[in-house]
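J.: One structure, pasted below without further comment.
Residue numbers (this note's numbering): 17 to 118.
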């Protein structure tokens with residue numbers, strides 16, 4: 017990609033909107049993941065008895081189930097970002113690279 021193309025894309029107001037929307041979405045997903053992770057760590061630090069409760073007939077503890085849930089949350093949030101990037105953000109970027117009019 018030529019320097020002129022990069023400058024044209026960077027100056028396009030649609031690019032600025034795309035960057036803001038993508039950034040806000042990424043920060044939202046990051047905040048959700050951080051809240052879940054640090055919430056779990058705080059539970060470990062301050063309420064071990066709660067996490068030590070047996071579930072599934074004593075097969076495992078609630079802490080293991082919640083920890084597994086956090087892993088699944090991370091996978092789900094990654095999938096959500098990839099889906100939105102593939103369906104929305106990439107299409108908008110392709111328009112900008114192609115030089116289509118607004």
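Backbone N, C-alpha and C define an ideal beta-carbon position, used for all residues, glycine too.
In this text, all values refer to a predicted model and were calculated from it rather than measured experimentally.
Out of 114, 71, 110, 105, which one is the CA nearest neighbour of residue 36?
T.: As a first step, residue 36 must be located in the chain shown, where it is residue number 20. Minimum Cα distance to residue 36 is reached at 105.
J.: Helix, strand or coil for residue 75, going by three-state DSSP, please let me know.
T.: The residue labelled residue 75 in the question sits at position 59 within the chain shown. Reduced to three states, the DSSP call for residue 75 is coil.
J.: Going by beta-carbon coordinates alone, are residue 65 and residue 77 separated by less than 7 Å?
T.: As a first step, residue 65 is located in the chain shown; it is residue number 49 there, counting from the start. As a first step, residue 77 is located in the chain shown; it is residue number 61 there, counting from the start. For residue 65 and residue 77, no; Cβs fall outside 7 Å.
J.: Based on Cα-Cα distance, which residue from 30, 83, 39, 28 lies nearest to residue 60?
T.: As a first step, residue 60 must be located in the chain shown, where it is residue number 44. Nearest C-alpha to residue 60: 83.
J.: Could you tell me which whole alpha helix (DSSP H) segments of length 4 or greater appear in the segment 44-89?
T.: 64-67
J.: Please name the residue, chosen from 100, 72, 52, 97, that lies closest to residue 87 on a Cα-to-Cα basis.
T.: Indexing the chain shown from 1 puts residue 87 at position 71. Comparing Cα positions, the closest option is 52.
J.: Please report how far the alpha carbon of residue 22 lies from the alpha carbon of residue 30, in whole angstroms.
T.: Counting from one through the chain shown, the residue named residue 22 turns up at place 6. Counting from one through the chain shown, the residue named residue 30 turns up at place 14. Roughly 14 Å between the two C-alpha positions.
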